[in-house]
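Note sheet for the following structure.
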Amino acid sequence: MAIKVGIPRGLWFYDYYPLWKTFYEYLGAEVVLSRPTNKQILDMGVKNTVDEACLPVKVFHGHVIDLKDKVDYIFVPKIMSVYEKEYICPKFCGLPEMVFHSIKDLPQLIDVEINFNKSRKNLEETIYKFGYYITRDKEKIKKAYEKALENYSNYKMKLRNGYLPIDGKFVDFNNKLDKNIRSRIAIVGHTYNMYDSYTSMNLFNKLKKDKVDITVPEMIDFEIINKYANELEKKMFWSFGRKLLGSSMYFAQVQNVDGIIYISSFGCGIDSIIQDLFERNARKQGKIPFLLLTIDEHSGEAGINTRIEAFLDMIEWRKRNEGNLSAHG
Amino acid sequence: MKVTFPHMGNQYVGTKVLLEELGVDIIIPPKCSKDTLNTGVKYSPESICLPLKVNIGNYIESINMGADTIAITGSCGPCRFGYYSVLQKELLKEAGYDIDVILLDPPQGDYKLFFERIFKLTGTKNPYRIIKALKKAYNVLKAVDDLEDMTYYKRPREKVKGSVDKYYDTFHKDVRMVYGYKAVSKLIQETKERILSVEEDPNRDVIKIGIVGEIYTIIEPFVSLDIEKKLGNLGVEIDKSLKVSRWLNEHLFMHPLGLSTEKETWESAEPYLKTMVGGHARETIGYAVRFAKSNFDGIIQVYPLGCMPEIVAQSILPTVEKDYNIPYLCLIVDEMTGEAGYMTRLEAFVDLLRRRKETFKGEKLLSGY
Ligand code: SF4
Ligand code: SF4
Numbered sequence: 662m663a664i665k666v667g668i669p670r671g672l673w674f675y676d677y678y679p680l681w682k683t684f685y686e687y688l689g690a691e692v693v694l695s696r697p698t699n700k701q702i703l704d705m706g707v708k709n710t711v712d713e714a715c716l717p718v719k720v721f722h723g724h725v726i727d728l729k730d731k732v733d734y735i736f737v738p739k740i741m742s743v744y745e746k747e748y749i750c751p752k753f754c755g756l757p758e759m760v761f762h763s764i765k766d767l768p769q770l771i772d773v774e775i776n777f778n779k780s781r782k783n784l785e786e787t788i789y790k791f792g793y794y795i796t797r798d799k800e801k802i803k804k805a806y807e808k809a810l811e812n813y814s815n816y817k818m819k820l821r822n823g824y825l826p827i828d829g830k831f832v833d834f835n836n837k838l839d840k841n842i843r844s845r846i847a848i849v850g851h852t853y854n855m856y857d858s859y860t861s862m863n864l865f866n867k868l869k870k871d872k873v874d875i876t877v878p879e880m881i882d883f884e885i886i887n888k889y890a891n892e893l894e895k896k897m898f899w900s901f902g903r904k905l906l907g908s909s910m911y912f913a914q915v916q917n918v919d920g921i922i923y924i925s926s927f928g929c930g931i932d933s934i935i936q937d938l939f940e941r942n943a944r945k946q947g948k949i950p951f952l953l954l955t956i957d958e959h960s961g962e963a964g965i966n967t968r969i970e971a972f973l974d975m976i977e978w979r980k981r982n983e984g985n986l987s988a989h990g
Numbered sequence: 015m016k017v018t019f020p021h022m023g024n025q026y027v028g029t030k031v032l033l034e035e036l037g038v039d040i041i042i043p044p045k046c047s048k049d050t051l052n053t054g055v056k057y058s059p060e061s062i063c064l065p066l067k068v069n070i071g072n073y074i075e076s077i078n079m080g081a082d083t084i085a086i087t088g089s090c091g092p093c094r095f096g097y098y099s100v101l102q103k104e105l106l107k108e109a110g111y112d113i114d115v116i117l118l119d120p121p122q123g124d125y126k127l128f129f130e131r132i133f134k135l136t137g138t139k140n141p142y143r144i145i146k147a148l149k150k151a152y153n154v155l156k157a158v159d160d161l162e163d164m165t166y167y168k169r170p171r172e173k174v175k176g177s178v179d180k181y182y183d184t185f186h187k188d189v190r191m192v193y194g195y196k197a198v199s200k201l202i203q204e205t206k207e208r209i210l211s212v213e214e215d216p217n218r219d220v221i222k223i224g225i226v227g228e229i230y231t232i233i234e235p236f237v238s239l240d241i242e243k244k245l246g247n248l249g250v251e252i253d254k255s256l257k258v259s260r261w262l263n264e265h266l267f268m269h270p271l272g273l274s275t276e277k278e279t280w281e282s283a284e285p286y287l288k289t290m291v292g293g294h295a296r297e298t299i300g301y302a303v304r305f306a307k308s309n310f311d312g313i314i315q316v317y318p319l320g321c322m323p324e325i326v327a328q329s330i331l332p333t334v335e336k337d338y339n340i341p342y343l344c345l346i347v348d349e350m351t352g353e354a355g356y357m358t359r360l361e362a363f364v365d366l367l368r369r370r371k372e373t374f375k376g377e378k379l380l381s382g383y
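Protein chains in written order, with our numbering: chain A, 662 to 990; chain E, 15 to 383.
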């Protein structure tokens, strides 16, 4: 019987899962994903994490619990750093340990350290370590990784073109040509806050139904993001944070959207800084409508809906008024 | 140029010596107080961690006293502290304070810029002078650490309550008044002798608690609500995982690696936490283990609300508690933390430890050891 590797549908999932899924499948393992986030998963996560943890970490714990009796291994890498001189978040660095000490009766964790902070020299060795859980065949592991990378870049391409992985399944958000578009909104946030439809309260589909054209950092060229992020006085050393801040700055400067929604989770240390720097920056650039949605396990969908509606109305009102102004000017 | 800097416990004594030895004009921010915090909270984003808020309060109080330049140290991740400097600059600007900020971040390759900033701050390009001043500052910090250690030992044992703090508080008032390495060292020495001579009650049953947690919180008494005094008065001798001389090592000498005590701490943490995760989570775990091994009666972790590395540590500490059979209490502080509730939790914990110790003694007697 094939070895079963469980991949939790949380945190880095929306950024990397196609890579690791392909990798382990090529090596002959059966990959099991946890179910999309639901009430039960959230509750289990909340119950098994320290109160102070942020929502995404709690949700992640829920996903691990969802998998733990179904698989031989659970994939919880120790992601220290994916780019040189960058990190993601202290909690990503300590994730396997948090999981290990919070949840009882776990199968073995695949908790290999990914650390490219100094350089990428250890890439090959890192990949082998991930593969050894399934096979000692280095050639095969190498091949699996090549395949995985291929699949990964296809995945990124799809995102770039507007197919977004809502709960891990592609939904087409490429409706630029639709004549009935009300407005164009950028949604910015950590991928696990945005694409998990349970925690984002179905934000994307809601906006789509409302005839809003959506754009996200994943659709923007990495070079552009970097160019804007480099305007900061000091290197932004959080990889995800850098992406979020760089793309928000880009949206605010080129004004190719009518507004920005920043979706953040309560207690996120990274967001506390990114969001603040962005707001400051946006104010300097001249007003771009900005809505901050902070979610936690107690957020109510009704309240969020009202705020989104008000935001969209405000944008439309603004657009109409601007139209009037220019017509008179 | 009148330079100021943020408070962090006794750090100001070392920084004062460093800058005074180099002839730099300084303004020491007033002792952290409720006012400091309120000012900081007013100008800081709500969701930022507490140390930044207090720092902002320090700057503004110093500016009101005439400071025109701020020296800030930093890091390059993974935690928020690495971005404090940039954010603080923005916050001050927005609050309407036009002030020069000298960022002393680890160089990360750009030594030229780093030294330019050092030269700007110190007003000299003579590296020997700077190194000499640094050495003196380091000596002073070590001495202040020792002094503080002595208060940890003496407080729970003093015959007359408040004797230690009478001398210790006087020291903090007086040290602002004297100038330079010699005078500061002398004052430290005198205070040490005074505290040493405080009469002890030989019959006190003193218990020991190890304090671990976020560096700023455990070093700055204002933020931890004077935990060392509170526990001392409850008859508890304490020790802390992090001391202020360590901060200097990390931030000015910039060689956080390779100290021998560091190695021991990291090795103690290793079965629980394999790598650093930012902040001082690894020290929190490592010292919890070390304290447990050296027969402390309990562990208290203190950290500011939302502190990411300490949340990682908090998830792990219950396992240490179980493995070493040592009670553990987690205290989280923010601007809303009330004196009364905090004190109640400390008292309850100390009671628990005392009862435990009694039972343990009883068992020992019964079993004939
Ligand atoms: S980046 Fe924010 S939301 Fe994500 S794990 Fe870290 S603290 Fe939590
Ligand atoms: S270690 Fe804690 S207090 Fe320090 S910057 Fe990080 S989150 Fe803030």
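Note that CB positions come from ideal geometry on N, CA and C, so glycine has one too.
All values reported here derive from a predicted model rather than from experimental measurement.
For residue i, report the span of its alpha helix (DSSP H) as first-last.
| i | result |
| --- | --- |
| E/Lys173 | Taken as a continuous stretch (DSSP letters only), E/Lys173 belongs to no alpha helix (DSSP H), as it is neither H nor E. |
| A/Phe721 | Leu716 to Leu728 |
| A/Lys739 | It is not in any alpha helix (DSSP H) - A/Lys739 instead sits in the beta strand (DSSP E) that spans Lys739 to Ser742. |
| E/Leu245 | Ile241 to Asn247 |
Reducing DSSP to helix, strand and coil, say where residue i ends up.
| i | result |
| --- | --- |
| E/Phe351 | According to the sequence as given, residue 351 of chain E is Thr; it is not Phe. Three-state DSSP puts E/Thr351 in coil, outside helix and strand. |
| E/Leu271 | Annotation note: pLDDT 46 at E/Leu271 (below 50); position unreliable, no value reported. |
| E/Leu319 | coil |
| E/Lys254 | strand |
| A/Lys765 | coil |
| A/Trp673 | coil |
| A/Pro679 | helix |
| A/Met818 | helix |
| A/Phe777 | coil |
| A/Tyr824 | strand |
| E/Gly293 | coil |
| A/Lys746 | coil |
| A/Phe898 | coil |
| A/Gly990 | For A/Gly990, the predicted model reports a pLDDT of 36, less than 50, meaning its position is unreliable; a value from the coordinates is still stated below. A/Gly990: coil per DSSP, three-state reduction. |
If we ignore side chains and look at the alpha-carbon of each, how far apart do residue i and residue j end up?
| i | j | result |
| --- | --- | --- |
| E/Phe305 | E/Lys48 | 32 Å |
| A/Arg696 | E/Ala295 | 32 Å |
| E/Val174 | E/Leu155 | 28 Å |
| E/Tyr167 | E/Gly137 | 41 Å |
| A/Cys750 | E/Lys196 | 44 Å |
| A/Met910 | A/Asp882 | 14 Å |
| E/Ser255 | E/Leu345 | 15 Å |
| A/Ala663 | A/Thr787 | 23 Å |
| E/Ile387 | E/Gln315 | Beyond the ends of chain E as shown, which are 15 and 383, falls residue 387 of chain E; an answer cannot be given. |
| A/Lys945 | A/Lys896 | 20 Å |
| E/Thr205 | E/Ala81 | 29 Å |
| A/Leu770 | A/Val743 | 20 Å |
| E/Arg368 | E/Phe19 | 41 Å |
| A/Val918 | A/Lys817 | 22 Å |
Does any heavy atom of ligand 2 sit closer than 7 Å to the C-beta of residue i?
| i | result |
| --- | --- |
| A/Tyr637 | With chain A covering only 662 through 990, there is no way to say anything about residue 637 of chain A. |
| E/Met322 | yes |
| E/Glu34 | no |
| E/Cys93 | yes |
| A/Glu713 | no |
| E/Pro387 | With chain E covering only 15 through 383, there is no way to say anything about residue 387 of chain E. |
| E/Glu228 | yes |
| E/Cys46 | no |
How far does the beta strand (DSSP E) with residue i in it extend, from its first residue to its last?
| i | result |
| --- | --- |
| A/Phe831 | Lys830 to Asp833 |
| E/Ala85 | Thr83 to Thr87 |
| A/Val991 | Nothing can be reported for residue 991 of chain A, as the shown portion of chain A is limited to 662 through 990. |
| A/Arg845 | Ser844 to Gly850 |
| A/Tyr923 | Gly920 to Ser926 |
| E/Gly227 | Ile221 to Gly227 |
| E/Asp114 | Asp114 to Leu118 |
Does the Cβ of residue i lie closer than 7 Å to at least one heavy atom of ligand 1?
| i | result |
| --- | --- |
| A/Ser926 | yes |
| A/Lys752 | yes |
| A/Gly930 | yes |
| A/Pro669 | no |
| A/His762 | no |
| A/Pro717 | yes |
| A/His851 | yes |
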